[in-house]
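Reviewing the structure listed below.
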Amino acid sequence: MLLLSHFVGRFLPNLTCVDKDDTVESRKYHPVGIDLHIAAGELVLVSGPVACGKSTLLQSLVGNTEQLGGKLEVPASVAFQPQSPILFDQTIRANILFGISDAATDEAALQEALVSSTLSMDMDDPESTLHEKREQTGCGQGGSELSGGQQARVALARCMYAALAGGSEAVILDGGLSLVDTHPVTVALLRSFASTCRWLTCAIGLCNAKQA
Numbered sequence: 010m011l012l013l014s015h016f017v018g019r020f021l022p023n024l025t026c027v028d029k030d031d032t033v034e035s036r037k038y039h040p041v042g043i044d045l046h047i048a049a050g051e052l053v054l055v056s057g058p059v060a061c062g063k064s065t066l067l068q069s070l071v072g073n074t075e076q077l078g079g080k081l082e083v084p085a086s087v088a089f090q091p092q093s094p095i096l097f098d099q100t101i102r103a104n105i106l107f108g109i110s111d112a113a114t115d116e117a118a119l120q121e122a123l124v125s126s127t128l129s130m131d132m133d134d135p136e137s138t139l140h141e142k143r144e145q146t147g148c149g150q151g152g153s154e155l156s157g158g159q160q161a162r163v164a165l166a167r168c169m170y171a172a173l174a175g176g177s178e179a180v181i182l183d184g185g186l187s188l189v190d191t192h193p194v195t196v197a198l199l200r201s202f203a204s205t206c207r208w209l210t211c212a213i214g215l216c217n218a219k220q221a
């Protein structure tokens, strides 16, 4: 079962996923019975076991699934981080800016994105592989030169920059915190993220390990 719970403690009904064609072979699962309203500035956590429909729900919010019925309204500009970070064989900076030229870059927003994603913690650590070149560190193809946690935080920094400099009204993270390397970094990341996004509408997908 998929449970959506508001961060402030207000709970929504359980959701279920059904197979449209009712065959195991089709594997076409669709969330049904969803009645969800997220107010502006609200933080929502989507929690549930593996393969319960969290990603399908979040992908649906950004129009990446086929809508079979009902009504969907989302902000015109949404920053979205998919379950697997999408990184190119360029620098961390280039991956965050995602095609924005240096001349058009909001440097203050970029530095804030590095802090809120806690990448700056690695860059300030003399023992870290990011210390020497900082945001000019190469990511490698698909992020191969970075740890899984660093990959996730680069993708998160991209979302943060889009929100801070690009005017995104909402941020949706599909399990972006699950790859972060250590508990202290996760705690710092959540605090920084909450502070940076306090004025945004946010939805975050989290896997409940006890139910997985």
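Under the numbering used here, the first residue of the sequence shown carries the number 10, and numbering increases by one thereafter. Each residue gets a CB set at the ideal place from its N, CA and C atoms; glycine is no exception.
The alpha helix (DSSP H) that contains residue i, what's its start and end?
i    : result
V124 : E116 to S125
L155 : Looking at the DSSP string, L155 is not in any alpha helix (DSSP H), and its letter there is neither H nor E.
T65  : K63 to L70
S129 : L128 to M132
Whole angstroms are fine: how far does the CA of residue j sit from the CA of residue i?
i    : j    : result
A179 : T65  : 18 Å
L106 : G78  : 36 Å
D183 : F89  : 8 Å
A85  : A113 : 22 Å
E75  : A48  : 24 Å
D44  : Q92  : 23 Å
C211 : L67  : 11 Å
D115 : P58  : 39 Å
Q159 : G108 : 20 Å
Does residue i pass the burial test, meaning 16 or more other C-beta atoms within 10 Å, or should it be called exposed?
i    : result
E141 : exposed
Q150 : exposed
D60  : A small correction: the amino acid at residue 60 is Ala; Asp does not occupy that position in the sequence shown. That one is exposed.
K63  : buried
G176 : exposed
E121 : buried
P94  : buried
L222 : In this structure the chain extends from 10 to 221, so residue 222 is not present and cannot be described.
Pull the bridge partners of residue i from the DSSP assignment, please.
i    : result
Q90  : L182
G147 : T100
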